[in-house]
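**Student:** If you use mature numbering (1 follows the signal peptide of the UniProt record, and there is no 0), the sequence shown corresponds to residues -22 to -1, 1 to 346, in order.
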Amino acid sequence: MTPLRSALIGLWFASACLSASAQLKIGQTTGVTGAVAATVKESMFGAQLYIDSVNAKGGVGGEKIEVITLDDKFDTQLALANAKDLIENKGVLALFMTRGTPHTEGIIPLLDQHGVPLLGPSTGAMVLHQPLKKHVFNVRATYQREAERAVAHLAATGVTRMAIIHVDDSFGADGLEGTQKGLAAAKLNALAVAKFDRSKPDFSQIAPSIAKLSPQAVMIIGSGTAVVDAIKSLREAGSGAQLVTLSNNASGGFIKLLGDNARGVIVSQVLPQSPNYALVQEAAGLAKAKEVLDVSPAMLEGFVSAKVLVEALRRAGPKPTRDKLQSALESISRFDLGGLSLSFSANDHTGLDFADLSIITASGKFRR
């Protein structure tokens, strides 16, 4: 059993033991199993690291935090059903770290109906930023910001022939738009654009057709196992292109799934990885205590989102309500996460704008 798996089991057990006494209930619907499970487990671990450290000191205002997580298997309809159960039956104060663009979009009417804030959705879709969604508070930067940053880097290194493969849903359309904006800024056009079905990804025709065009780089916009399959198919079709994907795949689990195809893949990041940042040091220290020595980008995203959640709960005061938590979130201004500052307001729920790139090394690590 790996140290991370052992630590996850330990954290989940500790959370289960809290259920009888926990008073601050936070809900989460996410793909604990399914296509994005590897990354989700790491982001959940990062969030629970921070929450458990707060609970160990007495919680917030003497009340401990319990995150009730329901598995939606990365299915949009199940995500909606889970959110409804958490809000209407389990009485959660807020939802936390949903996963997936269409999944999160689908529950917004429910959030608005019940006045429930959603903090830190694990998606960078522009639709969750503009126009403002009253009950959605984003922590990480947008996918479009990531995609533009990646294309600018590739163009600066001399890449002029770039193809795009994207999932055929709102997430894919959003990432495609950002990639095309980056290409336009570099005065380039996509060599080819191909899309695949989210529920049944098939690259048997897409990969050979892209490989025949001999692109210098291919941007792959998708999640988890679908991107792994796309990369494998491109390599089997003989493509030696530089492969690029977005931060939703920035996990150690994703690297393991890639296997021999991992080396050299560029993955954009929405949080720094340098130990020069206090937040990285803090997360690494708590992880080390659980015998986990590498803090992946996915873990860090969960960790940072949990820090914002705890700050909002503190600001909401004794006996917080959904309305009080909403107001508390909108009161957060220049909150120091540990080298990065986050602000919300009644008119701005964007949070951070940090975006960078990393490459997977031969040793299976992300390196800037």
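Note that beta-carbon positions come from the ideal geometry of N, C-alpha and C, so glycine has one too.
Looking at the unbroken alpha helix (DSSP H) that takes in methionine 22, where does it start and where does it end?
**Tutor:** On the sequence shown, residue 22 is found 44 positions in, with the first residue counted as 1. 15 to 33 is the span of the alpha helix (DSSP H), which, as asked, contains methionine 22.
**Student:** Hey, valine 195 and glutamine 220: beta-carbon distance below 9 Å or not?
**Tutor:** Counted from its first residue, the sequence shown places residue 195 at position 217. Counted from its first residue, the sequence shown places residue 220 at position 242. Correcting the residue type first, residue 195 is alanine in the shown sequence and not valine. The answer is yes: Cβ separation under 9 Å.
**Student:** In angstroms with no decimal places, state the Cα-to-Cα distance between proline 95 and threonine 138.
**Tutor:** Locating residue 95 in the sequence shown gives position 117, counting from the first residue. Locating residue 138 in the sequence shown gives position 160, counting from the first residue. Going from the Cα of proline 95 to the Cα of threonine 138 covers about 43 Å.
**Student:** Near arginine 292, which residues of its chain fall below 6 Å by C-beta distance, leaving aside the five closest residues on each side in sequence?
**Tutor:** Residue numbering aside, residue 292 sits at position 314 when the sequence shown is read from its first letter. Counting only Cβ-Cβ distances below 6 Å, and skipping sequence neighbours, we find Val38.
**Student:** Going by the DSSP bridge assignment, what does aspartate 334 pair with across the sheet?
**Tutor:** Working through the sequence shown from its first residue, we reach residue 334 at position 356. DSSP lists Gln247 as partners of aspartate 334.
**Student:** Hey, could you find the ends of the beta strand (DSSP E) threonine 8 is sitting in?
**Tutor:** Here residue 8 refers to the residue found at position 30 when the sequence shown is read from its first residue. Here the beta strand (DSSP E) through threonine 8 covers 2 to 8.
**Student:** Using the three-state DSSP reduction, which class does isoleucine 86 fall into: helix, strand or coil?
**Tutor:** Residue numbering aside, residue 86 sits at position 108 when the sequence shown is read from its first letter. Three-state result, isoleucine 86: helix.
**Student:** Would a C-beta distance cut-off of 9 Å place aspartate 334 and arginine 346 closer than the cut-off?
**Tutor:** Here residue 334 corresponds to residue number 356 of the sequence shown, with the count starting at 1. Here residue 346 corresponds to residue number 368 of the sequence shown, with the count starting at 1. For aspartate 334 and arginine 346, yes; Cβs fall inside 9 Å.
**Student:** Helix, strand or coil for threonine 120, going by three-state DSSP, please let me know.
**Tutor:** Within the sequence shown, the letter at position 142 stands for residue 120. Here threonine 120 sits in coil by DSSP.
**Student:** Taking only the alpha-carbon atoms, compute the straight-line gap between arginine 300 and glutamine 247 and give it to the nearest angstrom.
**Tutor:** If you number the sequence shown from 1, residue 300 lands on position 322. If you number the sequence shown from 1, residue 247 lands on position 269. Rounded to whole angstroms, arginine 300 to glutamine 247 spans 31 Å at the Cα level.
**Student:** Determine the contact status of serine 336 and glutamate 279, defining contact as a CB-CB distance below 9 Å.
**Tutor:** Looking up residue 336 in the sequence shown gives position 358. Looking up residue 279 in the sequence shown gives position 301. The answer is no: Cβ separation not under 9 Å.
**Student:** Output the boundary residues of the alpha helix (DSSP H) element that contains aspartate 207.
**Tutor:** Here residue 207 refers to the residue found at position 229 when the sequence shown is read from its first residue. Start and end: 203 to 214.
**Student:** Rounding to the nearest angstrom, what Cα-Cα distance links phenylalanine 281 and serine 31 in this structure?
**Tutor:** Numbered from its first residue, the sequence shown carries residue 281 at position 303. Numbered from its first residue, the sequence shown carries residue 31 at position 53. Approximately 11 Å, taken between the alpha carbons.
**Student:** Taking the straight line between their C-alpha atoms, what separation do you get for lysine 234 and alanine 208?
**Tutor:** Taking the sequence shown and counting its residues from 1, one reaches residue 234 at position 256. Taking the sequence shown and counting its residues from 1, one reaches residue 208 at position 230. One C-alpha to the other measures close to 15 Å.
**Student:** Assess, as a yes-or-no matter, whether the segment 106 to 114 is touched by the segment 75 to 86 under the definition of 3 or more beta carbon pairs within less than 8 Å.
**Tutor:** At 8 Å Cβ cutoff, the stretches touch.
**Student:** Going residue by residue through the segment 38 to 94, where are the continuous alpha helix (DSSP H) segments of at least 4 residues, counting only ones entirely within it?
**Tutor:** Listed in chain order, they are 54 to 62, 79 to 92.
**Student:** Starting from the C-beta of glutamate 41, find all residues in its chain whose C-beta is less than 7 Å away, skip the five residues before and the five after it, and write them out in chain order.
**Tutor:** Indexing the sequence shown from 1 puts residue 41 at position 63. Only Gln1, Leu2 meet the Cβ criterion.
**Student:** Using a Cβ distance threshold of 8 Å, determine whether the segment 62 to 82 contacts the segment 43 to 54, with at least three qualifying pairs required.
**Tutor:** These segments touch.
**Student:** Between the Cα of serine 283 and the Cα atoms of Ser319, Pro298, Asn254, Ala267, which residue gives the shortest distance?
**Tutor:** By one-based count along the sequence shown, residue 283 stands at place 305. Serine 283 has its Cα closest to that of Ser319, out of Ser319, Pro298, Asn254, Ala267.
**Student:** With DSSP as the reference, identify every bridge partner of lysine 173, one or two as the case may be.
**Tutor:** What you label residue 173 is simply residue 195 of the sequence shown in a count that begins at 1. The partner list for lysine 173 (beta bridge, DSSP) reads His144.
**Student:** Are there three or more Cβ pairs, one per stretch, closer than 8 Å when the segment 209 to 216 is compared with the segment 305 to 320?
**Tutor:** Touching, no, given that fewer than three Cβ pairs across the two stretches are closer than 8 Å.
**Student:** Quick check: the Cα distance between lysine 62 and lysine 165, rounded to an integer number of angstroms?
**Tutor:** Numbered from its first residue, the sequence shown carries residue 62 at position 84. Numbered from its first residue, the sequence shown carries residue 165 at position 187. Each residue's Cα considered, the two are about 46 Å apart.
**Student:** The alpha helix (DSSP H) with valine 258 in it runs from where to where?
**Tutor:** Residue mapping note: residue 258 aligns to position 280 of the sequence shown, counting from 1. Segment 256 to 266, the alpha helix (DSSP H) holding valine 258.
**Student:** With 16 as the cutoff for other CB atoms within 10 Å, does aspartate 147 come out buried or exposed?
**Tutor:** Counting from 1 along the sequence shown, the entry for residue 147 is found at position 169. Answer is buried; the Cβ neighbour count reaches 16.
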